[in-house]
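Student: Take a look at this one; I'll ask things after.
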Amino acid sequence: MALRVVRLGSPRAPGEGLRLGTVRRPPRGVPSGRLAADDWYDVWLPALAPSPALVKQAQAAAADRDWVAFRRRYRAEMRAPAARHLLTLLAALSRRMDLAVGCYCEDESRCHRAVLRDLLREAGAELR
Numbered sequence: 404m405a406l407r408v409v410r411l412g413s414p415r416a417p418g419e420g421l422r423l424g425t426v427r428r429p430p431r432g433v434p435s436g437r438l439a440a441d442d443w444y445d446v447w448l449p450a451l452a453p454s455p456a457l458v459k460q461a462q463a464a465a466a467d468r469d470w471v472a473f474r475r476r477y478r479a480e481m482r483a484p485a486a487r488h489l490l491t492l493l494a495a496l497s498r499r500m501d502l503a504v505g506c507y508c509e510d511e512s513r514c515h516r517a518v519l520r521d522l523l524r525e526a527g528a529e530l531r
């Protein structure tokens with residue numbers, strides 16, 4: 404059993420399990436009945452997405468120092484009790500079942516899911 408960090412909309416890996424969308428908004432133009440069938444996500448979990456203001460900061464991050472600032476602010480948001488509880492829950496579930504979390508960004512190195520991967524590892528998640 405393990406947790407994967409994926410790009411939403413990409414083909415599912417064999418045995419990937421439940422896919423959670425850690426994004427602020429659903430994909431544009433995709434009917435809600437097609438989200439799982441089209442490999443977006445099975446469950447929407449926006450509580451682990453960066454705030455709208457932080458999403459704008461990430462999209463504007465050109466220099467490495469901008470990205471470092473984004474990472475620091477996203478980590479601060481994820482220290483809120485509700486986010487911490489979700490991270491702990493996902494870490495526990497990763498030891499009992501296969502699941503995946505993801506975002507739409509093409510480049511994981513400039514996406515909140517890279518930070519989310521670290522946060523989940525720190526929470527004790529079993530990662531693939």
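Under our numbering, the very last position in the sequence shown is 531; numbers go up by exactly one each time. Here a beta-carbon is modelled for each residue, glycine too, at the ideal position from N, C-alpha and C.
Measuring CB atoms only, is the region 416-431 touching the region 442-455, in the sense that at least three cross pairs come out at less than 8 Å?
Tutor: Touching, per the Cβ criterion.
Student: Report the residue from Ser-435, Ala-450 and Ala-439 whose alpha carbon sits nearest the alpha carbon of Leu-421.
Tutor: Residue 421 sits at position 18 when you count from the first residue of the sequence shown. Residue Ala-439 is the option with its Cα nearest to Leu-421.
Student: Using the Cα positions of Arg-499 and Leu-411, report the straight-line distance between them to the nearest angstrom.
Tutor: One-based indexing of the sequence shown puts residue 499 at position 96. One-based indexing of the sequence shown puts residue 411 at position 8. Taking the straight line from one Cα to the other gives about 22 Å.
Student: Measuring only the C-alpha atoms, how far is Arg-531 from Arg-516?
Tutor: Counted from its first residue, the sequence shown places residue 531 at position 128. Counted from its first residue, the sequence shown places residue 516 at position 113. So the two alpha carbons sit approximately 14 Å from each other.
Student: Assuming contact is defined by CB atoms lying nearer than 7 Å, are Leu-353 and Ser-497 in contact in what I supplied?
Tutor: Outside the displayed span of the chain (404 to 531) sits residue 353, for which this structure offers no information.
Student: In chain order, what residues of the same chain lie with their CB nearer than 7 Å to the CB of Met-404, ignoring the 5 residues before and after it?
Tutor: Reading the sequence shown from its first residue, position 1 is the one you call residue 404. If we look at Met-404 and ignore the five residues flanking it on each side, its Cβ neighbours are Ser-497, Arg-498, Arg-499, Met-500, Asp-501 and Glu-529.
Student: Tell me the DSSP secondary structure of Gly-436 in three-state form.
Tutor: Taking the sequence shown and counting its residues from 1, the one referred to as residue 436 is at position 33. It is helical.
Student: Mind checking whether Val-409 and Gly-527 have CB atoms under 7 Å apart?
Tutor: Against the sequence shown, residue 409 aligns to sequence position 6. Against the sequence shown, residue 527 aligns to sequence position 124. It is not a contact, given that the beta carbons lie outside the stated cut-off.
Student: Give the secondary structure of Ala-503 by DSSP, where H, G and I count as helix, E and B as strand, and everything else as coil.
Tutor: In the sequence shown, counting from the first residue as 1, residue 503 sits at position 100. In the structure shown, Ala-503 sits in a strand (DSSP, three-state: E or B).
Student: Name, in chain order, the residues that DSSP records as bridge partners for Gly-424.
Tutor: Taking the first residue of the sequence shown as 1, we reach residue 424 at position 21. Partner(s): Trp-447 and Gly-505.
Student: Count the other C-beta atoms from every protein chain shown that fall within 10 angstroms of the C-beta of Leu-492, then say buried if there are 16 or more, exposed otherwise.
Tutor: Walking along the sequence shown from the start, residue 492 turns up at place 89. Answer is exposed; the Cβ neighbour count stays below 16.
Student: Output the distance between the C-alpha atoms of Pro-414 and Asp-521, rounded to the nearest integer angstrom.
Tutor: Counted from its first residue, the sequence shown places residue 414 at position 11. Counted from its first residue, the sequence shown places residue 521 at position 118. Taking the straight line joining both Cα atoms gives about 23 Å.
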